[in-house]
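These protein sequence lines map, in sequence, to chains U and W.
Under my numbering, the first residue of the first sequence carries the number 126, and numbering increases by one thereafter.
Under my numbering, the first residue of the second sequence carries the number 952, and numbering increases by one thereafter.
Backbone N, C-alpha and C fix where the C-beta goes; we use that ideal spot for every residue, glycine too.
Computed from a predicted structure; not experimentally measured.
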Amino acid sequence: MKKEIRICGFGGQGVILAGFIIGKAACVFSDFNAVQSQSYGPEARGGAARSEVIISDEKIGYPRPTGVDLYVAMAQEAFDTYRSDVRDDTVIIIDPDLVPKHDIGRPLYKVQVQKIAEELGNKIVTNIAMVGAMTGIYDLLDKEAVKKAVIDSVPKRFTDLNINAFEKGYEAGKNARPE
Amino acid sequence: MKYERDPERIRRVLGDKVQFIQGDMAVTYGAVLAGCSFFGGYPITPASEVAEGAARLFPRVKATFIQMEDEIGSIGAVIGAAWSGAKAMTATSGPGFSLMMENYGYAIMTETPCVIANVQRTGPSTGQPTLGAQGDMMQARWGSHGDMEAIALAPSTVQESMDMTIESFNLSEKYRHPVCLMTDGEVGHLREKIVIPDEDEMELVERVPATIDKEQFIPFTDSQTQEGSKVPDFPTFGTGYRTYVTGLTHNEKGFPATDKPPDHQRLIKRIVSKITDDREALTNVEKIELDDAEIAFVTFGASARPAESAVRMARKKGMKVGMLRMKLVWPFPRKVVHDLSKKVNTIIVPEMNLGQMVHPITEYAAKDCEIISAPKVGGEMHLPDELFEILEGV
């Protein structure tokens, strides 16, 4: 088993943290191997950013994705920029509010993760809501493992907020159907 | 400056035994575990996270972090700290490594144990700061003027970034020689799982201190207390052992002997042969699928990763392909490469440069073994498919 995941958005949204959490859930709180790599522009905010995770039950040689099994986008520019190597069977998850132009002639999962975060009172946890949605939609990692990785990776004083975002995102992901 | 390495404090500060961290941070972890008590550095992409980690962790283990004014100052401070008894290191990338070359030679000449982590990026000059490369392999070997030997390791994974940092300190202490940890922007920025070794899972080497009667002490000669060792006992500053430290050719007492050929010959032959005498013992390679291989990749560092993927692809198709990975690149593992070249028909050398390690490989390979250089520059790793295509063309 080897799964390649790309999470993209704009700089400052926390896509790298999202990839980091997925990688940590896979190899610290589950029994997989994982590598996470990233690429981003020099800007602290804005610009397309991406985080890539490979999860495997075997040793991982080449550490960058050669195809994408799961493609997650949280910004229009990133969705357009990093979509070139998705395959027909790639699972795609987007936030339709952040990626309004997503009609690419095939079904994809739409989860309003930013709205979830805003309803919890802080847009900053949009990425964690997306981690929850990914966990709910893509049947790979155990929910509890990802939750542990979230708790382990966010500032202690924001644990509750992040866990709420994760849970709501997970729930929304579980209920989502490709459309 | 006597540093008391406190294993319990170190483990408390480093945290969980299993973590998911970046290669650069793993270098910092390795330094802390090794008992490094001084980090002098200047931030530079893609090595900045090593210094950032040291700035965060070193004070918490009662070690010293100092951000110097530049890379020349950094390695100067490291050399000074080493003479005061510290295990000391710096971390940099291409442009900083170039600036350090003069003092690199000074550390070799004065037999100063220290570690230089070079998180390689493309060059020459400022090149591509955020992208990985392996273009400084020859600089580690020959970057200083004059005759020298080098000790350099090349990690392929985050785990190895930590383990090989510990090993770098061990070798620098053992041989009283600067050791280059030749990592790169690719491995340095990758996050992977690491397992932090417990105290009984690590071997730490300390330099042999001068203990002989002070009147009889000779600072730059074969060890006076260890039979057969060409590495002098170390007279830590402040312990009362009179030592004159200079980059000029010096006699055994340490005083300049700039017009005496025999003194230069004796000094340089000793500081080179203290390493080359141990070439076989130092050789550290990983062999993958080599038993029946007819074609072999000879690799190191990041480029070993796509090469290993290509080996797996080839094996699935029944091709007899293997890989030799040099964990320690300098001193060059002549014998193991030569022996391999007599067994296989073809050696392929993928590197993230225009062809550097292919030169010693060609020099020490049997003459009837075909050597194919597979260079790639531009800041990208080889794709497994690219290497597989080369295999198919053999």
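Straight-line CA distance for residue i to residue j?
{"i": "G186(U)", "j": "E1245(W)", "result": "21 Å"}
{"i": "C152(U)", "j": "T260(U)", "result": "15 Å"}
{"i": "Y1126(W)", "j": "G981(W)", "result": "19 Å"}
{"i": "Q1175(W)", "j": "F1168(W)", "result": "8 Å"}
{"i": "T1041(W)", "j": "D228(U)", "result": "51 Å"}
{"i": "Y954(W)", "j": "S1260(W)", "result": "44 Å"}
{"i": "K248(U)", "j": "Q201(U)", "result": "17 Å"}
{"i": "V275(U)", "j": "I146(U)", "result": "6 Å"}
{"i": "A1032(W)", "j": "C1065(W)", "result": "9 Å"}
{"i": "D1229(W)", "j": "K1286(W)", "result": "12 Å"}
{"i": "D1149(W)", "j": "G1078(W)", "result": "40 Å"}
{"i": "N158(U)", "j": "K1144(W)", "result": "7 Å"}
{"i": "S1061(W)", "j": "R1221(W)", "result": "It should be noted that the sequence gives Thr, not Ser, for residue 1061(W). Whole-angstrom Cα-Cα distance: 12 Å."}
{"i": "R1035(W)", "j": "G1027(W)", "result": "Contrary to the premise, residue 1035(W) reads as Ser rather than Arg in this sequence. For S1035(W) and G1027(W), the distance between alpha carbons rounds to 13 Å."}
{"i": "A258(U)", "j": "C1320(W)", "result": "55 Å"}
{"i": "V1345(W)", "j": "K1294(W)", "result": "16 Å"}
{"i": "R189(U)", "j": "M126(U)", "result": "16 Å"}
{"i": "L1291(W)", "j": "K1278(W)", "result": "16 Å"}
{"i": "K281(U)", "j": "I288(U)", "result": "11 Å"}
{"i": "D921(W)", "j": "I217(U)", "result": "Outside the displayed span of chain W (952 to 1345) sits residue 921(W), for which this structure offers no information."}
{"i": "G1189(W)", "j": "I1067(W)", "result": "25 Å"}
{"i": "E1237(W)", "j": "T1297(W)", "result": "18 Å"}
{"i": "I1226(W)", "j": "E1100(W)", "result": "7 Å"}
{"i": "M1332(W)", "j": "T1250(W)", "result": "13 Å"}
{"i": "S164(U)", "j": "D1214(W)", "result": "53 Å"}
{"i": "G294(U)", "j": "D194(U)", "result": "20 Å"}
{"i": "E1351(W)", "j": "F1120(W)", "result": "An answer regarding residue 1351(W) cannot be provided, because it is not within the stretch 952 to 1345 covered by chain W."}
{"i": "D120(U)", "j": "Q161(U)", "result": "Here chain U covers residues 126 to 304 and nothing more, so residue 120(U) does not appear."}
List the whole-angstrom C-beta distance separating residue i from residue j, where the pair is believed to meet the contact cut-off of C-beta under 8 Å.
{"i": "Y207(U)", "j": "P303(U)", "result": "Contact flag wrong, Cβ pair sits at about 20 Å."}
{"i": "V236(U)", "j": "A301(U)", "result": "5 Å"}
{"i": "S176(U)", "j": "G136(U)", "result": "Not confirmed; about 11 Å, so no contact."}
{"i": "I1030(W)", "j": "Y1057(W)", "result": "7 Å"}
{"i": "V1135(W)", "j": "G1083(W)", "result": "It should be pointed out that residue 1135(W) corresponds to Asp in this sequence rather than to Val. Confirmed, Cβ separation roughly 4 Å."}
{"i": "Q1018(W)", "j": "A1002(W)", "result": "7 Å"}
{"i": "M1133(W)", "j": "M1088(W)", "result": "6 Å"}
{"i": "T1138(W)", "j": "S1112(W)", "result": "Note that residue 1138(W) is Val in the sequence shown here, rather than Thr. Right, their Cβ atoms sit about 6 Å apart."}
Classify residue i: buried if its beta carbon has 16 or more other beta carbons within 10 angstroms, exposed otherwise.
{"i": "L1305(W)", "result": "exposed"}
{"i": "S1254(W)", "result": "buried"}
{"i": "F1206(W)", "result": "exposed"}
{"i": "T1162(W)", "result": "exposed"}
{"i": "V1262(W)", "result": "buried"}
{"i": "H1201(W)", "result": "buried"}
{"i": "V1075(W)", "result": "According to the sequence displayed, residue 1075(W) carries Pro and not Val. So P1075(W) ends up on the exposed side."}
{"i": "Q970(W)", "result": "buried"}
{"i": "A297(U)", "result": "buried"}
{"i": "E1178(W)", "result": "exposed"}
{"i": "A977(W)", "result": "buried"}
{"i": "P1129(W)", "result": "buried"}
{"i": "M1051(W)", "result": "buried"}
{"i": "G1086(W)", "result": "buried"}
{"i": "R1011(W)", "result": "exposed"}
{"i": "G171(U)", "result": "exposed"}
{"i": "P1301(W)", "result": "buried"}
Open item on the list: Ignoring anything shorter than 3 residues, give me the beta strand (DSSP E) runs that lie fully in the region 1098-1154 of chain W, in order along the chain.
Closed with: Counting only unbroken stretches of 3 or more residues, the beta strand (DSSP E) elements lying wholly within the region 1098-1154 of chain W are 1102-1104, 1129-1135 and 1142-1146, in sequence order.
TODO: Scan the region 140-225 of chain U and note each continuous alpha helix (DSSP H) run of 4 residues or more that stays entirely inside, going in chain order.
DONE: List check, alpha helix (DSSP H) in window: 140-152 and 201-206.
Task: the region 1101-1118 of chain W contacting the region 1044-1053 of chain W, beta-carbon criterion three pairs below 8 Å - done: With a cut-off of 8 Å, the region 1044-1053 of chain W and the region 1101-1118 of chain W do not count as touching, because too few Cβ pairs lie within range.
Open item on the list: Does the contact criterion of 3 or more C-beta pairs under 8 Å hold for the region 1113-1131 of chain W versus the region 1325-1336 of chain W?
Closed with: With contact defined as three or more Cβ pairs closer than 8 Å, the region 1113-1131 of chain W and the region 1325-1336 of chain W are not in contact.
- [ ] Indicate whether the contact test is met: 3 or more Cβ pairs, each with one atom in the region 1310-1323 of chain W and one in the region 1282-1298 of chain W, closer than 8 Å.
- [x] For the pair of segments examined, the region 1310-1323 of chain W was found to touch the region 1282-1298 of chain W: the number of CB pairs separated by less than 8 Å reaches three.
Task: alpha helix (DSSP H) segments (min. 4 residues) lying fully within the region 217-276 of chain U - done: As far as the region 217-276 of chain U is concerned, its whole alpha helix (DSSP H) runs of at least 4 residues are 238-244 and 251-262.
Open item on the list: Under 8 Å, with one C-beta from each stretch per pair, do the region 178-185 of chain U and the region 1320-1327 of chain W reach the 3-pair mark?
Closed with: With a cut-off of 8 Å, the region 1320-1327 of chain W and the region 178-185 of chain U do not count as touching, because too few Cβ pairs lie within range.
Task: Segment contact, 8 Å Cβ cut-off, at least three pairs: the region 955-962 of chain W with the region 1089-1098 of chain W - done: Counting Cβ pairs under 8 Å, fewer than three are found: no touch.
Task: Residue ranges of each beta strand (DSSP E) within the region 1292-1331 of chain W, 3 or longer - done: The region 1292-1331 of chain W contains, as complete beta strand (DSSP E) runs of 3+ residues, the segments 1297-1302 and 1321-1326 (chain order).
TODO: Entirely within the region 975-1043 of chain W and at least 4 residues each: give me those alpha helix (DSSP H) ranges in chain order.
DONE: Fully enclosed alpha helix (DSSP H) runs of 4 or longer: 999-1008 and 1022-1034.
TODO: Give, in chain order, every unbroken run of the alpha helix (DSSP H) that is at least 4 residues long and sits entirely within the region 1220-1267 of chain W.
DONE: Inside the region 1220-1267 of chain W, DSSP marks whole alpha helix (DSSP H) runs of 4 or more residues at positions 1230-1233 and 1255-1267, from first to last along the chain.
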